[in-house]
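> Numbers in my numbering are just positions in the sequence shown, counted from 1, shifted up by 25.
Got a structure here, written out as structure tokens. Questions coming.
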Amino acid sequence: MEREDAVATLEREYGIRGGQFYLLEVIPLVEMLWADGRNQDEEINLVHDFLDQYMRRLTEAAEGTRFISDEELNDFIERFINRRPSSELLRDIRRLADSALYASADQEEVTQRKQSVLDYCLDIAAAAVTEYPYPRHERFMVEEKRLLRELMSELHLEAGVETAG
Numbered sequence: 026m027e028r029e030d031a032v033a034t035l036e037r038e039y040g041i042r043g044g045q046f047y048l049l050e051v052i053p054l055v056e057m058l059w060a061d062g063r064n065q066d067e068e069i070n071l072v073h074d075f076l077d078q079y080m081r082r083l084t085e086a087a088e089g090t091r092f093i094s095d096e097e098l099n100d101f102i103e104r105f106i107n108r109r110p111s112s113e114l115l116r117d118i119r120r121l122a123d124s125a126l127y128a129s130a131d132q133e134e135v136t137q138r139k140q141s142v143l144d145y146c147l148d149i150a151a152a153a154v155t156e157y158p159y160p161r162h163e164r165f166m167v168e169e170k171r172l173l174r175e176l177m178s179e180l181h182l183e184a185g186v187e188t189a190g
């Protein structure tokens, strides 16, 4: 899908507007946050850490210009992090966001950004379990494992690629 079509669909069908387009890179993290059906404190903290770093990078790249208002950021957090959206909604937005976010960017930079997203997803999956004790091979829930495989495939990444930070 062309970038313009993806952006129009995200706005028309999913209510993503204004500066929220810049926040779409966090959608895979939100999917992982909700994969077990709960948004646990440590998982939320990791998403906020990613958002803080991401917002800093955006502002630096734009030489101090901020593209996302506090209101847009707070609305996004309320809609996707504080309240549980459907997994179908998140998956649809993620797939459209891929076209909107990465179409015209430098491929090396895109790979680094996608790897950072996947790294955070791994951290989120490992951050909290729904019950203790858990069997040895069940630190990650089945839903989290499925989502990790899906993300690796769709982001065209392999496990084990190192990134900075």
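Ideal Cβ placement from N, Cα and C applies to all residues, glycine included.
(1) To which residues of the same chain is A125 closer than 7 Å at the C-beta, ignoring the five residues directly before and after it?
(2) Anyone know if the C-beta pair for L121 and L180 falls short of 8 Å?
(3) Does the count of Cβ pairs from the region 38–45 and the region 85–104 closer than 8 Å reach three?
(4) Is DSSP giving N15 helix, strand or coil here?
(5) Please confirm whether L58 and I106 have their CB atoms less than 8 Å apart.
(6) Can you round the beta-carbon distance between A150 and E169 to whole angstroms, since I take them to be within the 8 Å contact cut?
(7) Does any CB atom of chain C fall closer than 8 Å to the CB of I106?
(8) With distances taken from CA atoms, which of M166, F75 and E56 is nearest R109?
(9) To the nearest angstrom, report how far apart V186 and D117 are at their CA atoms.
(10) Under the rule that 16 or more other beta-carbon atoms within 10 Å means buried, what is D66, buried or exposed?
(11) Measure the CB-CB distance between L71 and Y145 and report whether it falls below 8 Å.
(12) Roughly how many angstroms separate the alpha carbons of A130 and M166, rounded to a whole number?
(13) State buried or exposed for D61, treating a residue as buried only when at least 16 other CB atoms are found within 10 Å of its CB.
(14) Three-state secondary structure (DSSP) at R63?
Taking the geometry as given:
(1) R28, A31, V32, L35, F46 and L49
(2) no
(3) yes
(4) Absent from the model: residue 15. The displayed extent of the chain is 26 to 190, so no value can be given.
(5) Their beta carbons are under 8 Å apart, which means L58 touches I106 by this criterion.
(6) Right, the Cβ-Cβ distance comes to about 4 Å (below 8 Å), so this counts as a contact.
(7) Any reference to chain C falls outside this structure, which holds one protein chain only.
(8) E56
(9) Unreliable positioning characterises V186 in this predicted model, as indicated by a pLDDT of 49, which lies under 50. A coordinate reading is not provided.
(10) exposed
(11) yes
(12) 34 Å
(13) buried
(14) If DSSP states are grouped into helix, strand and coil, R63 belongs with coil.
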